[in-house]
DNA sequence: ACCCAGGGTCATA
DNA sequence: TATGACCATGGG
């Protein structure tokens, strides 16, 4: 089922070419900035950081809180996210940067990321998959919504159980995880909306989902 | 005007 | 451990 849905999405939408970023550090910053925020606003925030010459670990760490918040203002939650970026960069530099982080096993690296303020399961997994090329499947609200509507999981299934489900079904395959999560975001954003009106759903011939149906 | 977006933390019961 | 409040901008 999980593999079949991937085939359908891949055929319907084609290659997604994720993650949109110039380097690995930008992927990590983007992963924090995109929390509960759409990507176009994140790009504005990334541009703000670039123009202030703050799109680097040292740049962010040395940038005053209020100035940093101003740079990333368009991505929303700018005060919290400024703190989160600083916490992340302090950790990143203290760890010794990519050179050192690349040497850790995936499980260890995941635990380290989760210990950083502002980095929860999804953000950690975004970073692991898209910045470190580790075989970790990224679960998000779209994943839960799409597969609960398909009747595959309960609407309130936890993050880890859902991640385990995908990883077991797909095996450790970085490029597949990469593409699949991107396709889920694409389909969730454009078609599988919270408040129905699901037209042109490629996963069912007639996507008759509406408010009356169980989520 | 309302809903949504590529979540996470913290206080409370 | 399980909800709820809170964070905040920009597009549809």
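Numbering (the numbering used here), first residue to last: 33 to 247. C-beta atoms are modelled at their ideal positions from N, C-alpha and C, and glycine is treated no differently. In this text the structure is predicted, and so the values were computed from the model without any measurement.
- In this structure, residue 124 lies away from residue 151, with their beta-carbon atoms at least 8 Å apart.
- Around the CB of residue 149, fewer than 16 other CB atoms lie within 10 Å, so the residue is classed as exposed.
- For residue 60, the enclosing alpha helix (DSSP H) has its first and last residue at 56-65.
- Considering only 82, 70, 59, the residue with the shortest C-alpha distance to residue 108 is 70.
- A straight-line Cα-Cα distance of about 34 Å links residue 165 and residue 227.
- DSSP places residue 213 in the uninterrupted alpha helix (DSSP H) bounded by 206-222.
- Here residue 33 has 184 as same chain residues with Cβ atoms under 7 Å from its own Cβ, once five neighbours each way along the sequence are excluded.
- Burial state of residue 158 is buried, judged by a 10 Å Cβ sphere holding 16 or more other Cβ atoms.
- Residue range 71-83 is occupied by the alpha helix (DSSP H) that includes residue 82.
- The beta carbons of residue 161 and residue 141 sit no closer together than 8 Å.
- DSSP, read as helix, strand or coil, puts residue 227 in coil.
- In the DSSP annotation of this structure, the continuous segment of the alpha helix (DSSP H) that includes residue 123 starts and ends at 110-127.
- Annotated as distal: residue 103 and residue 133, with beta-carbon spacing of 8 Å or more.
- Closest in alpha carbon position to residue 225, among 179, 55, 188, is 179.
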